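Chains as they are written, first to last, in my numbering: chain X, 1 to 277; chain W, 1 to 322.
All C-beta atoms in this analysis are idealised placements derived from N, C-alpha and C, irrespective of residue type, glycine included.
This structure is a prediction, so every number in the text was calculated from the model and none was measured.
Before any comments, here is the structure.
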Amino acid sequence: MSRKERNLWILGGIGIVVYALFPVAWIVSLSLKAPADIANQQFLPTTLSWTNYELILTGSASDLFLPALRNSFGICLIATAISCVLAMFAAYAIARLDFPGKKVILSTALGVAIFPVISIVTPLFNLWRQIGLYDTWPGLIIPYLSLTLPISIWTLSAFFREIPWEMEQAAQVDGATSWQAFRKVIVPLAAPGVFTTAIIAFFIAWNDFVYGISLTSTEASRPVPAALGLFSGASQFEAPNGPIAAAAVIVTIPVVVLVLLFQRRIVAGLTNGAVKG
Amino acid sequence: MSTTTLPPGEKTRPASAPGRRAGISDRSRAERKLGWMLAGPAFAVMLLVTAYPILQAVYDSLFDFRLTDPDNKSFTGLSNYGVILTDRIWWTSLGVTLLITVVTVAVELVLGFALALVMMKALSAIRPVIRAAILIPYAVITVVSAFAWQYAFSLDSGFVNSWLGWLPGISADTDWFGGTWKSLFVVCIAEIWKTTPFISLLLLAGLAQVPEVLQEAAKVDGATWWQRMRRVTIPNMKAAIMVALLFRSLDAFRVFDSIFIMTGGANNTETVSFLAYRQTIARLEIGLGSAVSVLLFVCVVLICALFIKGFKVDLASARGEG
Chain X
1 MSRKERNLWI LGGIGIVVYA LFPVAWIVSL SLKAPADIAN QQFLPTTLSW
51 TNYELILTGS ASDLFLPALR NSFGICLIAT AISCVLAMFA AYAIARLDFP
101 GKKVILSTAL GVAIFPVISI VTPLFNLWRQ IGLYDTWPGL IIPYLSLTLP
151 ISIWTLSAFF REIPWEMEQA AQVDGATSWQ AFRKVIVPLA APGVFTTAII
201 AFFIAWNDFV YGISLTSTEA SRPVPAALGL FSGASQFEAP NGPIAAAAVI
251 VTIPVVVLVL LFQRRIVAGL TNGAVKG
Chain W
1 MSTTTLPPGE KTRPASAPGR RAGISDRSRA ERKLGWMLAG PAFAVMLLVT
51 AYPILQAVYD SLFDFRLTDP DNKSFTGLSN YGVILTDRIW WTSLGVTLLI
101 TVVTVAVELV LGFALALVMM KALSAIRPVI RAAILIPYAV ITVVSAFAWQ
151 YAFSLDSGFV NSWLGWLPGI SADTDWFGGT WKSLFVVCIA EIWKTTPFIS
201 LLLLAGLAQV PEVLQEAAKV DGATWWQRMR RVTIPNMKAA IMVALLFRSL
251 DAFRVFDSIF IMTGGANNTE TVSFLAYRQT IARLEIGLGS AVSVLLFVCV
301 VLICALFIKG FKVDLASARG EG
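As structure tokens, then:
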């Protein structure tokens with residue numbers, strides 16, 4: 001590769017980094033602006049201020065934001081855990097056993113993944129009100145499975161297909177009991193795939209807005225994206241831009257940390273399930 | 001034409017498959033049973049959270065039913081559909097949705113391809129940095145991305161007008177959310193920023209599968225970069241491109257979050273999903289809302305059918321049946 005060509009690709013790489021980080025940098029910058037600075041129409045604040053963070057973490061908006069944060073974490077973690085366990089069994093069957101339902105299950109997962117979420121919301125809204133699941137944690141966890149389960153099944157099946165399962169028998173031949181063979185051989189091989197799947201499923205649940213805004217009404221179960229969407233400022237005379245930006249930064253931190261720590265695996269997980277020739 | 005299911009491509013079964021079913025031994029019967037025992041719960045949950053609601057929606061859509069007035073629920077047959085399909089609001093929202101879908105997916109395909117090429121060629125030293133950077137838009141919540149772009153363009157807090165004031169047509173008081181086209185422009189930018197990384201990662205995986213030998217051979221034969229791209233690279237990753245297109249089109253067609261946050265459906269920027277939401281949750285018109293939901297579902301199935309029949313997308317590769 002010539003020097004000129006190399007520099008061109010490096011420039012392209014820098015372009016990608018700027019592209020990806022620019023809006024994130026902007027929302028961080030906005031969240032650090034003092035109330036008087038919000039409308040200065042500049043990218044950067046003139047003075048750094050923690051006012052917005054104080055407002056949502058300890059101030060008057062904290063009773064809106066903190067319960068939402070707790071709900072989001074709780075609901076997303078539970079939904080992720082359930083779908084990972086269910087998907088683990090299903091993916092094991094798909095990758096290792098030969099049975100006629102395989103195709104049906106994978107096609108169903110595909111169908112559910114492309115299903116328009118709003119079409120599920122309408123009937124659930126009515127049903128949840130009748131059976132008392134409206135505005136509760138289970139009332140969100142159940143529909144979240146429609147988001148997390150299909151992608152978990154796909155991603156995990158793709159991972160499980162690449163595990164050298166013969167090693168289990170090899171360990172047994174070497175004198176391991178079947179439990180030992182499972183725990184010492186299969187679990188370490190399968191764990192990275194399960195873990196990656198859990199991260200991707202968590203991202204999808206964390207991102208949900210439609211269910212969150214339609215199936216909740218109070219802080220009892222309202223997740224962060226919905227709370228952000230409905231947040232209207234400390235008083236009606238104050239634009240909510242600053243506090244919303246601060247809240248947006250806080251909910252972005254967990255996903256950015258996950259991305260930085262596990263980027264290689266996430267890319268493998270995202271592409272494995274989708275493109276396999 | 002049957003359009004409700006996603007027929008899997010039959011031709012991709014591995015050659016060893018036929019003949020296995022000749023005589024079912026006890027062992028394979030046991031395997032079958034175990035298979036369904038393990039995969040059954042996941043299968044049942046998937047059906048429960050989608051098949052049941054859509055059937056309920058079909059049923060509800062046949063009634064004139066408003067939650068605030070439950071005593072007057074009455075069977076009206078297909079009249080809800082008649083109301084919707086003869087209303088300008090439906091066709092406007094369908095048009096807006098299709099416009100957003102086509103524009104974003106087209107731009108994302110080109111941009112995503114460029115990003116994938118850069119990632120492919122990037123030196124291994126900086127590859128992790130680029131990979132982490134590109135995952136960030138994917139991982140950022142759609143609502144957050146919508147707010148970021150809205151505030152960037154907004155009149156009171158945005159910097160876009162002061163930065164781009166030198167462009168013709170943009171001045172300090174350009175109200176980006178004051179008209180249909182300008183609002184949709186900003187919505188599309190937000191959507192494109194957020195979802196291009198996903199497309200580019202799929203395309204990158206596709207690029208990696210193009211045999212290096214073919215590239216070398218074309219190079220030896222004196223093909224230019226552009227010729228190699230058109231004759232070698234793109235034909236060899238057609239499957240990856242089509243799968244990426246299908247997923248993104250269906251995803252873009254459901255656009256809701258950005259519209260809710262950025263415009264609230266003002267200035268004729270309502271999309272089909274937003275219309276369904278507004279009928280059901282805001283106006284409590286369960287009957288009408290269900291009918292819109294069913295129509296949205298039908299649209300998604302039609303898009304799927306178009307891709308599978310029209311563009312011959314091979315879904316076996318999408319399901320990871322390697």
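Where residue i sits in the DSSP three-state scheme
i, result
"X/ASP174", "coil"
"W/ASP71", "helix"
"X/ARG129", "helix"
"W/ARG66", "strand"
"W/LEU85", "helix"
"X/LEU48", "strand"
"X/GLU54", "helix"
"X/VAL267", "helix"
"W/GLU270", "coil"
"W/GLU285", "strand"
Residue j beta carbon less than 8 Å from that of residue i
i, j, result
"X/ILE114", "X/SER146", "no"
"W/SER200", "W/ASN267", "no"
"X/ASN207", "W/ILE141", "yes"
"X/ALA93", "W/ALA57", "no"
"X/LEU140", "X/ILE75", "yes"
"X/GLN41", "W/ASN236", "no"
"X/THR136", "W/SER293", "no"
"W/SER93", "W/ASN80", "no"
"W/ALA116", "W/LEU47", "no"
"W/ARG230", "W/ALA218", "no"
"X/ALA248", "W/ILE134", "no"
"X/ILE200", "X/ILE151", "yes"
"W/ILE89", "W/LEU275", "yes"
Straight-line gap, residue i to residue j (C-alpha atoms, nearest Å)
i, j, result
"X/ALA95", "X/ALA198", "18 Å"
"W/ILE308", "W/ALA139", "29 Å"
"X/GLY229", "W/PHE260", "8 Å"
"X/THR196", "X/CYS84", "10 Å"
"W/VAL103", "W/ALA244", "15 Å"
"W/VAL96", "W/LEU167", "26 Å"
"X/SER221", "X/GLY193", "30 Å"
"X/TRP50", "X/ASN7", "40 Å"
"W/ALA305", "X/VAL117", "19 Å"
"X/ILE279", "W/TYR52", "Because residue 279 of chain X is not part of the residues shown, which for chain X are 1 to 277, the question remains open."
"W/ASP173", "W/ALA291", "41 Å"
"W/LYS121", "X/VAL24", "26 Å"
"W/THR180", "X/MET88", "46 Å"
"W/ILE234", "X/ILE16", "22 Å"
"X/TRP9", "X/ARG3", "10 Å"
Neighbouring residues, chain W, relative to residue i (Cβ below 9 Å)
i, result
"X/TRP137", "Those do not exist, as X/TRP137 stays about 16 Å from chain W at its closest Cβ, beyond 9 Å."
Buried/exposed call for residue i, threshold 16 Cβ in 10 Å
i, result
"X/ASP37", "buried"
"W/GLN150", "buried"
"W/MET37", "exposed"
"W/TRP176", "buried"
"W/PHE311", "exposed"
"W/ASP26", "exposed"
"W/PHE185", "exposed"
"W/THR86", "exposed"
"X/MET167", "exposed"
"W/VAL220", "exposed"
"W/ASP251", "buried"
"X/LYS102", "buried"
"X/TYR144", "buried"
"W/VAL300", "buried"
"W/ASP257", "buried"
"X/ILE253", "exposed"
Interface residues of chain W facing residue i [CB-CB closer than 8 Å]
i, result
"X/GLN42", "PHE159, SER162"
"X/LEU189", "By Cβ distance, chain W contributes nothing, its closest Cβ being about 18 Å from X/LEU189, past 8 Å."
CB contact check: residue i to chain C, cutoff 8 Å
i, result
"X/ILE56", "Note that chain C does not occur in the displayed structure, where the protein chains are X and W."
beta-carbon residue i near the ligand NAP non-hydrogen atom, thresh 7 Å
i, result
"X/ALA171", "Absence of the ligand NAP from the depicted structure is noted, as is the absence of any ligand whatsoever, leaving it without description."
Listed by chain order, chain W residues near residue i by CB distance under 7 Å
i, result
"X/GLN172", "The premise fails here: X/GLN172 is roughly 18 Å from chain W at the closest Cβ pair, so nothing lies under 7 Å."
"X/PRO35", "Neighbours of X/PRO35 on chain W: none; closest Cβ ~11 Å, over 7 Å."
Listed by chain order, chain X residues near residue i by CB distance under 7 Å
i, result
"W/ALA42", "LEU86, ALA87, PHE89, ALA90, LEU149, ILE153"
"W/SER124", "Those within 7 Å of W/SER124 in chain X number zero; the least Cβ separation is about 12 Å."
Chain-ordered neighbours of residue i on chain X, where CB pairs are closer than 9 Å
i, result
"W/ILE286", "THR122, PRO123, PHE125, ASN126"
"W/ARG32", "LEU97, ASP98, PHE99, PRO100, GLY101"
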